[in-house]
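Enquirer: My questions all concern the structure below.
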Amino acid sequence: MLVTFGGVGVILWVGGRDVLAGNLSAGELSAFIFYCAIAAGATAAISEVLSDLQRAAGATERLFELLDTRPTIEAPARPAADSARMRGALEFRDIGFAYPARLETNALERFSLALVPGERVALVGPSGAGKSTVLALLLRFYDPQAGSVHIDGTDLRELDPQVLRRQIAVVPQDPVIFAASVLENVRYGRPGASREDVERACDAAYATEFVTRLPQGLETQLGERGVTLSGGQRQRLSIARALLADRPVLLLDEATSSLDAASERMVQRALETLERGRTTLVIAHRFATVQHADRIVVLERGVIVAQGTHAELLRQGGLYARLAALQFLGAEDSALLEHAA
Ligand SMILES: Nc1ncnc2c1ncn2[C@@H]1O[C@H](COP(=O)(O)OP(=O)(O)OP(=O)(O)O)[C@@H](O)[C@H]1O
Ligand SMILES: [Mg+2]
Numbered sequence: 008m009l010v011t012f013g014g015v016g017v018i019l020w021v022g023g024r025d026v027l028a029g030n031l032s033a034g035e036l037s038a039f040i041f042y043c044a045i046a047a048g049a050t051a052a053i054s055e056v057l058s059d060l061q062r063a064a065g066a067t068e069r070l071f072e073l074l075d076t077r078p079t080i081e082a083p084a085r086p087a088a089d090s091a092r093m094r095g096a097l098e099f100r101d102i103g104f105a106y107p108a109r110l111e112t113n114a115l116e117r118f119s120l121a122l123v124p125g126e127r128v129a130l131v132g133p134s135g136a137g138k139s140t141v142l143a144l145l146l147r148f149y150d151p152q153a154g155s156v157h158i159d160g161t162d163l164r165e166l167d168p169q170v171l172r173r174q175i176a177v178v179p180q181d182p183v184i185f186a187a188s189v190l191e192n193v194r195y196g197r198p199g200a201s202r203e204d205v206e207r208a209c210d211a212a213y214a215t216e217f218v219t220r221l222p223q224g225l226e227t228q229l230g231e232r233g234v235t236l237s238g239g240q241r242q243r244l245s246i247a248r249a250l251l252a253d254r255p256v257l258l259l260d261e262a263t264s265s266l267d268a269a270s271e272r273m274v275q276r277a278l279e280t281l282e283r284g285r286t287t288l289v290i291a292h293r294f295a296t297v298q299h300a301d302r303i304v305v306l307e308r309g310v311i312v313a314q315g316t317h318a319e320l321l322r323q324g325g326l327y328a329r330l331a332a333l334q335f336l337g338a339e340d341s342a343l344l345e346h347a348a
């Protein structure tokens with residue numbers, strides 16, 4: 008700035024003196040200053056473009072790094088025959104697994120579990136027991152160090168991950184809602200679904216009730232991460248998505264945050280529609296869920312410590328009874344528990 012304005016000052020000083028002395032006309036001096044301004048502006052623009060280019064080059068390098076990243080989970084060279092739709096039999100065989108970031112402690116140990124098609128199994132256990140890890144292994148986000156996971160008798164490692172994940176619908180603890188319309192958010196479950204299909208899915212997920220009350224119905228734009236929706240509403244949209252996707256296997260990580268009684272009942276009913284006829288593996292935090300499960304599996308520090316129905320497990324006492332007393336017991340169960348004690 009100093010150099011620029013200093014330069015202008017010097018030109019005016021020297022030029023002004025020449026004009027006074029009659030060597031230069033006032034018009035010539037103004038024209039010269041005008042040209043200088045244009046030339047200086049152009050030079051400044053070039054240097055700006057250069058620095059933009061440099062920044063773009065830096066960003067591109069990072070982009071290419073990302074594009075060149077090889078996933079540790081690779082599709083096999085010759086994937087097992089991919090029947091379009093599997094039946095949804097799941098089996099964990101003697102899994103030993105530690106997260107790559109923490110190899111010294113096993114997140115799951117000697118974990119074996121089999122689900123027949125259409126079975127509903129609830130996973131319960133204290134925080135950090137390895138419940139979410141079970142879902143992550145089934146989705147093949149990681150490969151176990153020991154043992155194997157099978158779907159319809161096929162080892163996951165012999166399947167194309169895309170084919171595998173096309174068999175599974177996930178309703179996560181905190182559903183991802185995009186900053187887009189309700190319609191587009193639900194359609195994410197099956198891109199290309201018609202508007203009628205989306206409406207039907209919303210109906211079945213008990214979402215129509217609140218969607219019609221939004222200012223523009225299905226066209227309403229939702230905020231980033233669904234900030235304009237309540238927790239129960241986000242979950243019902245996520246359930247509608249899973250219904251639209253219509254997969255044989257359903258993974259459900261129930262929200263820990265408590266819903267009020269009314270939306271809890273809505274979500275529960277929506278889930279019952281969704282679970283019908285699907286193999287369901289659910290991380291349960293709610294009483295209604297464990298009650299409906301065909302089987303409950305109790306996990307503690309990566310090990311299965313008990314299995315059975317709600318009543319059986321209560322009768323056995325132990326970790327399940329303690330968890331149940333803390334988390335989801337009603338009066339009648341407390342009586343059962345005292346009886347057991
Ligand atoms: N990405 C990761 N890297 C390293 N360790 C992990 C990772 N994710 C989870 N763990 C560890 O693995 C163990 C099991 O975690 P997991 O997320 O399966 O627990 P959880 O049963 O789902 O718990 P919560 O009920 O709190 O969700 C925990 O001890 C946790 O600290
Ligand atoms: Mg978890």
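Numbering follows this note's numbering, with no gaps: position 204 of the sequence shown is 211.
A virtual CB, placed ideally from N, CA and C, is assigned to each residue, including glycine.
Whole-angstrom Cβ separation of residue 144 and residue 102, contact assumed at under 8 Å?
Expert: Taking the sequence shown and counting its residues from 1, one reaches residue 144 at position 137. Taking the sequence shown and counting its residues from 1, one reaches residue 102 at position 95. Correct: roughly 7 Å between the Cβ atoms.
Enquirer: Can you tell me which of 242, 71, 289 and 293 puts its alpha carbon nearest to the alpha carbon of residue 215?
Expert: For the purposes of this step, residue 215 is taken as residue 208 along the sequence shown, with counting starting at 1. Measuring from the Cα of residue 215, the nearest candidate turns out to be 242.
Enquirer: With DSSP as the reference, identify every bridge partner of residue 104, one or two as the case may be.
Expert: Along the sequence shown, read from residue 1 onward, the residue named residue 104 stands at position 97. Residue 104 pairs with 115.
Enquirer: In this structure, does DSSP put residue 140 in helix, strand or coil?
Expert: On the sequence shown, position 133 is the one that residue 140 refers to. Residue 140: helix per DSSP, three-state reduction.
Enquirer: My output table needs one value for residue 172: the three-state DSSP class, helix, strand or coil.
Expert: For the purposes of this step, residue 172 is taken as residue 165 along the sequence shown, with counting starting at 1. It is helical.
Enquirer: Considering only the beta carbon of each residue, do residue 349 and residue 208 sit closer than 9 Å?
Expert: Missing from the structure shown is residue 349; the chain here goes from 8 to 348 and no further.
Enquirer: Have a look at the DSSP bridge pairing and note the partners of residue 161.
Expert: In the sequence shown, residue 161 corresponds to position 154, counting from 1. DSSP output for residue 161 lists 158 as bridge partner(s).
Enquirer: What are the residues that DSSP puts in a beta bridge with residue 325?
Expert: In the sequence shown, counting from the first residue as 1, residue 325 sits at position 318. Looking at the DSSP assignment, residue 325 forms no beta bridge with any residue, so it has no partner.
Enquirer: Between which two residues does the alpha helix (DSSP H) holding residue 274 run?
Expert: Walking along the sequence shown from the start, residue 274 turns up at place 267. Unbroken alpha helix (DSSP H) run through residue 274: 268-282.
Enquirer: Give the residues whose C-beta lies closer than 6 Å to at least one heavy atom of ligand 1, in chain order.
Expert: Output, sorted by chain position: 106, 108, 109, 114, 132, 134, 135, 136, 137, 138, 139 and 140.
Enquirer: Taking the Cβ atom as the reference point for each residue, do residue 126 and residue 301 lie within a distance shorter than 9 Å?
Expert: Numbered from its first residue, the sequence shown carries residue 126 at position 119. Numbered from its first residue, the sequence shown carries residue 301 at position 294. The answer is yes: Cβ separation under 9 Å.
Enquirer: Could you tell me if the beta carbon of residue 260 falls within a distance shorter than 8 Å of some heavy atom in ligand 2?
Expert: Here residue 260 refers to the residue found at position 253 when the sequence shown is read from its first residue. Residue 260 Cβ: within cutoff of ligand 2.
Enquirer: Using the beta-carbon count (16 or more within 10 Å), is residue 75 buried or exposed?
Expert: For the purposes of this step, residue 75 is identified with residue 68 of the sequence shown, where counting begins at 1. When all chains shown are included, residue 75 counts as exposed.
Enquirer: Hey, how far is the Cα of residue 80 from the Cα of residue 11?
Expert: Walking along the sequence shown from the start, residue 80 turns up at place 73. Walking along the sequence shown from the start, residue 11 turns up at place 4. Going from the Cα of residue 80 to the Cα of residue 11 covers about 59 Å.
Enquirer: With distances taken Cα to Cα, identify the nearest neighbour of residue 305 among 24, 299 and 317.
Expert: Residue numbering aside, residue 305 sits at position 298 when the sequence shown is read from its first letter. Of the listed residues, the one whose Cα sits closest to residue 305 is 317.
Enquirer: Could you round the C-beta distance between residue 156 and residue 99 to whole angstroms and report it? I think they count as a contact, below 8 Å.
Expert: Reading the sequence shown from its first residue, position 149 is the one you call residue 156. Reading the sequence shown from its first residue, position 92 is the one you call residue 99. At roughly 6 Å, the Cβ-Cβ gap stays under 8 Å, so residue 156 and residue 99 are in contact.
Enquirer: Got a sec? Which residues, its chain only, sit under 7 Å from residue 232 by beta carbon, not counting five neighbours each side?
Expert: Counting from 1 along the sequence shown, the entry for residue 232 is found at position 225. Cβ neighbours of residue 232 beyond the five flanking positions: 184.
Enquirer: Quick check: what's the CA-CA separation for residue 293 versus residue 121?
Expert: Position 286 of the sequence shown, counted from the first residue, corresponds to residue 293. Position 114 of the sequence shown, counted from the first residue, corresponds to residue 121. Going from the Cα of residue 293 to the Cα of residue 121 covers about 23 Å.
Enquirer: Is the CB-CB distance between residue 5 and residue 188 below 9 Å?
Expert: Because the chain here runs from 8 to 348, residue 5 falls outside it and cannot be looked at.
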